[in-house]
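According to mature numbering (1 follows the signal peptide of the UniProt record, and there is no 0), the sequence shown holds residues -24 to -1, 1 to 244 in order. Below is one structure, written out as structure tokens, with a few remarks after it.
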Amino acid sequence: ISGTGCGKAALFIIPLIVHQEILAHPELYPTFPVKKNAVVVVITPTKGLANSIIHELEKFGLSGLSYCHETLSTYLPDRLPVLIDLICACQTWQVICVDPEHLASPEWRMIIQNHTFKLNLILFCVDEAHLVKKWGAAFRPAFENIGAFIRGYLPSTTPTLALTATCAPGTPKYTPLLNYLRCSHKTVIHVNTIPIAYEIYEFLWNHVPKGYSPLRRIRMYHALCTDEYNRTTFRLIDSDSELQVVIATVGFTQGINCKCIEDSISWG
């Protein structure tokens, strides 16, 4: 998190310059691993921002590509494979800027799975990262899929970076729920949507006290769980002393009687 104009782009420009320096003088850095054709992917919300990044790159002798409708129109309809091949070869551009909508395309799944591209990818960056939540909820849903793309296609060894100037620091919004995870009272957290249930589940999972199994400490109840799983959750509330928190949608409130539940929270 850094203010506008503070040089956040340096976080993906400098690694490229370092790789070029090592390639030019390998005898000076004999033990430093280096990519022959290092490349960085930057997720940008607008083509204007992508063009600004590309202009900034030119000052350092680097080149970039804005993977947007305007660029693609010069390769369509029959030359798109040429563009894909150029990107995968990692010899023409050091930075590839792409918007979330095109990131979700079959072409980008092909690019990210290409052996040469994966070998040379040194950084995956999300610029204006605060928009993932702000725009992803309704305006541009593709923003919410960036995380799934990273987890599903990005090599686990590739660093990821989120840049923003407007995401205020502070404690996570689910922090007040931690007390219920650590106390001895069985608790049901009622939520309005399944995505919120998963957010809370992931947050609490990362804060389960040492010595306890997250799979036993926390469970969910919603329509995407199997009937068998939901029935087991009801049974475990009364029978498993280690089960502490159930995160549930509206179905849990309809005539359910679990005598061991001591705290009931409505979130959102």
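Glycine included, every Cβ here is placed at the ideal spot set by N, Cα and C.
C-alpha gap between W76 and I122, whole angstroms: The residue given as residue 76 occupies position 100 in the sequence shown. The residue given as residue 122 occupies position 146 in the sequence shown. For the record, residue 76 in the displayed sequence is Pro; it is not Trp. About 7 Å.
For L95 and P135, I'd like the C-alpha separation in whole angstroms. The sequence position of residue 95 within the sequence shown is 119, counting from 1. The sequence position of residue 135 within the sequence shown is 159, counting from 1. Cα to Cα, the separation comes out at about 13 Å.
Alpha-carbon to alpha-carbon, Q70 and S42: If you number the sequence shown from 1, residue 42 lands on position 66. If you number the sequence shown from 1, residue 70 lands on position 94. Distance between the alpha carbons of S42 and Q70: 11 Å.
Compare the beta carbon distance of F100 and C66 with 8 Å and say whether it is the shorter of the two. Along the sequence shown, one-based indexing puts residue 100 at 124. Along the sequence shown, one-based indexing puts residue 66 at 90. Going by C-beta atoms, F100 is not nearer than 8 Å to C66.
Give a yes or no on whether the C-beta atoms belonging to W243 and I165 are separated by under 8 Å. Residue numbering aside, residue 243 sits at position 267 when the sequence shown is read from its first letter. Residue numbering aside, residue 165 sits at position 189 when the sequence shown is read from its first letter. Yes. Within cutoff.
Mapping DSSP to helix, strand and coil, what is E238? As a working mapping, residue 238 is identified with position 262 in the sequence shown. Strand.
So, helix, strand or coil for residue 253, using DSSP? Residue 253 lies beyond the stretch modelled for the chain, which goes from -24 to 244, so this question has no answer here.
At what residues does the beta strand (DSSP E) containing L97 begin and finish? Taking the sequence shown and counting its residues from 1, the one referred to as residue 97 is at position 121. Judged by DSSP secondary structure, L97 falls within the beta strand (DSSP E) whose first and last residues are 97 to 102.
Pull up the CB-CB distance for D103 and T7, whole angstroms please, since I reckon it's below 8 Å. Within the sequence shown, residue 103 is the residue found at index 127, counting from 1. Within the sequence shown, residue 7 is the residue found at index 31, counting from 1. Rounded to whole angstroms, the Cβ separation of D103 and T7 is 32 Å, and the two are not in contact under 8 Å.
Return the first residue and the last residue of the alpha helix (DSSP H) that T136 is part of. As a position in the sequence shown, residue 136 is number 160, starting the count at 1. Segment 136 to 138 is the beta strand (DSSP E) holding T136; no alpha helix (DSSP H) there.
Nearest to N236 by alpha carbon, out of R211, A224, V226, T225? Position 260 of the sequence shown holds residue 236. In the sequence as presented, Asn is not what sits at residue 236; that position holds Cys. With distances taken between CA atoms, C236 lies nearest to R211 out of R211, A224, V226, T225.
Ends of the alpha helix (DSSP H) at L(-2)? By one-based count along the sequence shown, residue -2 stands at place 23. -15 to -1 is the span of the alpha helix (DSSP H), which, as asked, contains L(-2).
Mark residue 263 as exposed unless 16 or more other C-beta atoms lie within 10 angstroms of its C-beta, in which case mark it buried. Any question about residue 263 goes unanswered here, given that the chain covers just -24 to 244.
In terms of DSSP beta bridges, what is C73 paired with? In the sequence shown, counting from the first residue as 1, residue 73 sits at position 97. For C73, which the question treats as bridged, DSSP gives the partners V18, S42.
To the nearest angstrom, how far is it from the Cα of Y174 to the Cα of H31? As a first step, residue 174 must be located in the sequence shown, where it is residue number 198. As a first step, residue 31 must be located in the sequence shown, where it is residue number 55. Each residue's CA atom was taken as its position, placing Y174 and H31 some 40 Å apart.
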